[in-house]
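Undergrad: Residue numbers (this note's numbering), protein chains in the order written: chain A, 1 to 355; chain B, 1 to 394; chain C, 1 to 158; chain D, 1 to 175.
(1) What residue range is occupied by the uninterrupted alpha helix (DSSP H) comprising residue 306/B?
(2) Give the interface partners of residue 166/A over in chain D, defined as CB-CB distance under 8 Å, in chain order.
(3) Is residue 184/B helix, strand or coil when you go by DSSP?
(4) Name the chain C residues whose beta carbon is nearer than 9 Å to that of residue 59/A?
(5) Can you check whether the C-beta of residue 130/C is within less than 9 Å of a C-beta belonging to chain B?
(6) For residue 56/B, report the span of its beta strand (DSSP E) as first-last.
(7) Would you call the stretch 201-216 of chain A and the stretch 110-130 of chain A in contact, with 3 or more CB pairs under 8 Å?
(8) Residue 91/B and residue 141/B - do their beta-carbons sit closer together than 9 Å?
(9) The alpha helix (DSSP H) with residue 88/A in it runs from where to where?
(10) Between the stretch 240-259 of chain A and the stretch 211-222 of chain A, do at least 3 Cβ pairs fall closer than 8 Å?
(11) Looking at residue 64/B: is its Cβ nearer than 9 Å to the Cβ of residue 371/B?
(12) Just checking: is the beta-carbon of residue 42/B within a distance shorter than 9 Å of some beta-carbon in chain A?
(13) Please report the Cβ distance between residue 105/C and residue 71/C, rounded to the nearest whole angstrom; I am assuming they are in contact, meaning their Cβ atoms lie under 8 Å.
(14) Checking the sheet assignment: what are the DSSP bridge partners for residue 269/B?
(15) Please tell me whether residue 61/D and residue 173/A are closer than 9 Å, where the distance is taken between their beta carbons.
(16) Output the distance between the C-alpha atoms of residue 20/A and residue 4/D, rounded to the nearest integer angstrom.
(17) So with Cβ pairs under 9 Å, would you call residue 170/D a contact of chain A?
(18) Measure the CB-CB distance between residue 303/B and residue 106/B and report whether it falls below 9 Å.
(19) Taking all protein chains shown into account, do 16 or more other C-beta atoms lie within 10 angstroms of the C-beta of residue 36/C, making it buried, or fewer, making it exposed?
(20) Around the Cβ of residue 350/B, are there at least 16 other Cβ atoms within 10 angstroms (buried) or fewer (exposed)?
(21) Tell me the DSSP bridge mates of residue 355/B?
(22) Ignoring anything shorter than 4 residues or poking outside the stretch 175-255 of chain B, list the alpha helix (DSSP H) runs there in chain order.
(23) Name the chain B residues whose beta carbon is nearer than 8 Å to that of residue 318/A?
(24) Could you tell me the distance, in whole angstroms, from the CA atom of residue 177/A to the CA atom of residue 313/A?
(25) Can you give me, in chain order, the residues of the stretch 89-114 of chain A that have a beta carbon less than 8 Å from any beta carbon in chain D?
(26) What are the boundary residues of the beta strand (DSSP E) that includes residue 329/B?
(27) Is the stretch 186-205 of chain B close to the stretch 306-318 of chain B, with three or more CB pairs under 8 Å?
(28) For residue 371/A, tell me which candidate among 147/C, 136/C, 28/C has the shortest Cα-Cα distance.
(29) Just confirm the distance between the C-beta atoms of residue 260/A and residue 45/A, as a whole number of angstroms; I'd bet it's less than 8 Å.
(30) Work out the CA separation of residue 45/B and residue 110/C for me, nearest whole Å.
(31) Measure from the alpha carbon of residue 45/C to the alpha carbon of each residue in 168/B, 151/B, 357/B, then state which is nearest.
(32) Against chain D, does residue 187/A count as a neighbour if the rule is that its beta carbon must be under 9 Å from one of theirs?
(33) Residue 389/B CB to nearest chain A CB: under 9 Å?
(34) Can you tell me whether residue 214/B is buried or exposed? The criterion is at least 16 other CB atoms within 10 Å of its CB, across all chains shown.
(35) Beta carbons nearer than 7 Å to chain D: which residues of the stretch 138-158 of chain A have them?
(36) Strictly below 7 Å CB to CB, what residues from chain A border residue 379/B?
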């Protein structure tokens, strides 16, 4: 297992190994990294929630949260505190074990997926040689949390939501996977850090792969939005149909986990898009190429935020699809286009038409 | 199929269609599916108010819809029997609160018809303008809610933005935004505010730029069209036999606009088209309402510059006593035909007062046209019906 | 071929919708509809005719215009107004005369229909533009409209 | 370090495997099974068989378990519990398990394992070439056979799902 610590944490790494036996130091280091990631992305998730609320407000001619802290910056913190202090209720005759397991399941899988992203050259916890495939694998498990959460709530709305979620995620995983494979065909590697290295010389992949890459990006955005259960694919929690869908019966922090997981999933999808299509932490046209002190992670975050903004724009503009239309879109439109696109990409690489 | 009782819902017993007893279904199929009950409402985000729908669902498919009313029943008709004719008017604000002015007008017109008093031209024109403004306001809200029900939350705020302008006009003239109670038998409570004409014109110019935006945002949207086209189809025959009215009936090609066919107030002198679509699906009902907003603006434009001078109220006795007899008057609210039936015995209170509310008849169609549809379709259909639950329950 | 034109049209309509919301996003600061309510108390002014609550104006001599004719009480559909009156002897003429003791107004029952104000022959009660009517105790909603020690303005009765 | 992790995974696998077969609530059993499969993939990660681990997660965690959960959701209510197995069946099952376990253990304990010295993780392109090669060590034949099998399964699924409509065509009586 390869661990690439941050430059700043190099000293901590050395210090840990100097004072402790090797095993203990390694375990401590893992724990430290895990806690750092947890804290970082809990905060990131909270601020994504705030961003969503602000963006929604601006789309809807409102002001958005602006009471807690300057510009409402601490609003979601306050919400999280409120949710922490709330009672954890459940319905009668739930399957208590599964009911309590589900939110942790959802949040854990999304946090695991975060570990493989190269946020900058050195900021990557787990540089695995099958990075992209690992992402698909982990994200395919996340749905189980929703399924068992919906089933064990002993609520019919939650049940319908869970069933819809299962159908939706299984179908759209195919499109996400295929559009990722299209790009993998271009790069010839599954390792995320290598994918970015390729883009350093040849330009961003969406430029290298031109037409099929753009189609793959569009399909990835659609399928990714569906994968995260966001509007216009939010049938899982369609509030006008099912109340709140699979998390109807959850309260307090367990609900907050579901909520946070949705936003972290959105972050993951945006991150995949950024790594696969927009050069990850690379600056556009190599502006900050030679500057050593410049935090490359900033470029990554800016790109991710733009993609997330796009998804929010979708959410606050479009009506929701119906369940059969959702499946029609996947199986009659996205999948065939995707397969053709894959072949086109192969031909383009074969004829060396990439830029 | 025997009707579903509450106990059935509690015990979650499956009722087989077409069978009287509880014998297990013998479907010649590998997969036996089980129907189950879901309560949609009375506190459901899709039901605009406290409507309870008992759904029998097979997976996503709806087998039966049974509306259960009474959660907001305030016995307005009975209260009317206790009140004097002036006092009845303000109760009607609370029925269909989105077209409160038109409800008031209906009662006033009935009383005026019974007393055989003729209100001045000025009153007629003002009533017509405010009625049409009310219609636009109601449809604005409906548009926002329609979008919200099919999942586009932003429409709600755009609809409200334009509705607020109309509410401001009402507030300036009548003193209230929603329950205006501006009509009294014999005319209006007081004259319009001096700013009324200017504000109304401002609104019309504003709204003419915003209504095409509605089309761009929602009407043209491919997802919205997929969600509404061919969903909840109501044929013309059914529309007539179920007694539907308003945009629901006109979406099915049943031309029954009261304003056109039974003139009242100043509708006889204005030129407007009756919005009529023949598809009968949710999208047709949607289009009817969008077109009605255009037509309402046309009506206001024709009248706003030429409000005639005249008395604002025709004097009546302080205690109105209707002559013995039965009186009926219908008007077109934003939801359809509202009929007011007064049975008077010559006293100062009505012996019996009955409101034929549009929502109640329209609701009766719901089960008929959503059978076999999906839950999402039910929500879209309900949104296109534009229910106001106090209007159904009264 | 309709397969591809469907896709094209679909994407086109979606982008049109996004352009509408996008336009409002850019103009979000200017076009915001929200009023920051408790902050704008000073500038928030109701319209003249706004029906906030029923009040009885008194002039500087602590005189009101209510004769106690009870027309408002009769006109009210909800029993919102209660008038407790008495017959007192007028100092000038020596005749017995109706005089209000308390003009009680139950705001909690009022539907703001305005019939009482329409019915009042002497314009003794009018609408106030007060819009902050919520209280912690329901009994506070019952108000006595005439101030203590007030009397009818001379020359109103006739 | 790796030893500790291995034992953690091993204990997890054993505990949840037992829990999975002894649980009376069916969805819980499925979740225990999921934990077992995930722990197995953890073992693969431990020995740097990353691709295999990810396959394990995708196919078993994301595919098989989701499908099982799905079918459980369709037929089971949250309160339903499985019946208690009769004693006779239990004894037979236990005997079979003991027999199988002893054979496996015997095989493992007597086989002369070589200690692996190669810590290099296998690249994906190597796996890809192996999968599609028909030379020695190639997997093209099983690959194709599985494809055909999956195709047959898909056709079967469609036929079953369309059962009602086929029935109408053949004139069977349907409710």
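Built from N, CA and C at the ideal position, the CB exists for glycine as well. Fair warning: this is a prediction, and the values are worked out from it, not measured in the lab.
TA: This is what the structure holds:
(1) In the DSSP assignment, residue 306/B falls outside any alpha helix (DSSP H) and carries neither an H nor an E.
(2) Those within 8 Å of residue 166/A in chain D are 66, 69, 70, 73.
(3) Shown here, residue 184/B sits in a strand according to DSSP, grouped into three states.
(4) Ordered by position in chain C, the residues that pass the 9 Å Cβ test against residue 59/A are 21, 22, 24, 25, 28.
(5) Cβ-Cβ to chain B under 9 Å: no for residue 130/C.
(6) Its beta strand (DSSP E) spans residues 52-58.
(7) These segments do not touch.
(8) No, Cβ-Cβ distance for residue 141/B and residue 91/B is not below 9 Å.
(9) Boundaries for residue 88/A: no alpha helix (DSSP H) harbours it, and the DSSP string shows neither H nor E there.
(10) Between the stretch 240-259 of chain A and the stretch 211-222 of chain A, the count of C-beta pairs closer than 8 Å stays below three; the two stretches do not touch.
(11) Taking 9 Å as the cut-off, the Cβ atoms of residue 64/B and residue 371/B count as close.
(12) Output row for residue 42/B: interface = no.
(13) Contact doesn't hold; Cβ gap of about 15 Å is too wide.
(14) Residue 269/B pairs with nothing; no bridge assigned.
(15) At least 9 Å separates the beta-carbon of residue 61/D from that of residue 173/A.
(16) Looking at the backbone, the Cα of residue 20/A and that of residue 4/D are separated by about 17 Å.
(17) With a pLDDT of only 46 at residue 170/D, under the threshold of 50, the placement of this residue in the model should not be trusted, and no figure is reported.
(18) No; because the gap between Cβ atoms is not below 9 Å, this pair is not in contact.
(19) Under this definition residue 36/C is an exposed residue.
(20) By the 10 Å Cβ count, residue 350/B comes out buried.
(21) Residue 355/B pairs with 340/B.
(22) Secondary structure remark: continuous alpha helix (DSSP H) runs of at least 4 residues inside the stretch 175-255 of chain B, in chain order: 196-214, 222-228, 236-241, 247-251.
(23) Within 8 Å Cβ-Cβ: 151, 152, 221, 223.
(24) If I take the Cα positions, the gap works out to 24 Å.
(25) Answer set for the stretch 89-114 of chain A: 93, 94, 95, 97, 98, 101.
(26) From DSSP, the beta strand (DSSP E) with residue 329/B extends over 325-332.
(27) Touching, yes, given that three or more Cβ pairs across the two stretches are closer than 8 Å.
(28) Beyond the ends of chain A as shown, which are 1 and 355, falls residue 371/A; an answer cannot be given.
(29) A Cβ-Cβ distance of about 4 Å is found for the pair residue 260/A and residue 45/A, placing them in contact under the 8 Å criterion.
(30) Here the C-alpha atom of residue 110/C lies approximately 30 Å from the C-alpha atom of residue 45/B.
(31) The shortest C-alpha separation from residue 45/C is found at 168/B.
(32) Residue 187/A does not count as touching chain D.
(33) Proximity of residue 389/B to chain A, defined by a Cβ-Cβ separation below 9 Å, is not satisfied.
(34) Under this definition residue 214/B is a buried residue.
(35) Cβ contacts with chain D: 138, 140, 141, 143, 144, 147, 148, 151, 152, 154.
(36) For residue 379/B, the residues of chain A that pass the 7 Å Cβ criterion are 240, 241, in the order they occur in the chain.
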